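When you line the sequence shown up against our numbering, it's residues 361 to 499, in that order.
Built from N, CA and C at the ideal position, the CB exists for glycine as well.
Just so it is clear, the structure is predicted and the values come from calculations on it, not from any experiment.
Scroll down for the structure; my scribbles are underneath it.
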Amino acid sequence: MRTKIFYLVLIFVGSMAFTAFNVPQDQKIGGPWDIPAKYISMKNPNKAGDADAEKLGKTLYAKHCRSCHGNAGLGDGPKAKNLETFPGDFSSAKFQAYKDGELYFMSYIGRDEMPNFEKNIPDEESRWAIVSYMRSLKK
């Protein structure tokens, strides 16, 4: 009897962990990123809250990112359900704690199911505008 109760509690707690992170149960959470030092030290040329950069970033985000990451960056875009790995929640404190250069690397170099966007978004102004827009998606 104790074993059954233990397993029921374990299943419940496990499902609550996924719910707490808004991660669908059939998706895994990606592991830590291995980001080269040159990206970590990169600085966004746009000032925080730059309305023009955020406007451009929002337009580019809609074109290149929304299908997986969703309108509000919650990882709930229409293509997200077809991914093995949860695309992430851009509004989370964990995501917002990344440095701008780290977001740049993750967004354009990619890994696993996150594609490389270096050819699709070749100019620096556009890349940094998307990073600026992602910063505006805080909770």
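Among residues of its own chain, excluding the 5 on either side of residue i, which ones have a beta-carbon nearer than 7 Å to its beta-carbon?
i: Phe-455; result: Gly-448 and Asp-449
i: Pro-438; result: Ser-427
My understanding is that residue i touches residue j, with C-beta atoms under 8 Å, so please give their C-beta distance in whole angstroms.
i: Ile-395; j: Glu-462; result: 5 Å
i: Asn-480; j: Ile-469; result: Contact doesn't hold; Cβ gap of about 12 Å is too wide.
i: Glu-473; j: Leu-443; result: 5 Å
i: Lys-498; j: Ser-451; result: 6 Å
i: Trp-488; j: Asn-404; result: 5 Å
Please indicate yes or no: does the CB of residue i lie closer than 8 Å to some heavy atom of the ligand FAD?
i: Phe-477; result: Although the ligand FAD was asked about, the structure shown includes no ligands whatsoever.
Evaluate residue i with the Cβ neighbour count: other Cβ atoms within 10 Å of its Cβ, from every protein chain shown; 16 or more gives buried, anything less gives exposed.
i: Glu-414; result: buried
i: Gly-417; result: buried
Nearest to residue i by alpha carbon, out of the options?
i: Tyr-458; options: Val-383, Asp-386, Trp-393 and Gln-387; result: Trp-393
i: Ile-490; options: Ser-401, Gln-385 and Asp-412; result: Asp-412
i: Val-383; options: Phe-465, Ser-492, Arg-471 and Gly-435; result: Gly-435
i: Tyr-464; options: Ser-401, Ala-440 and Gln-385; result: Ser-401
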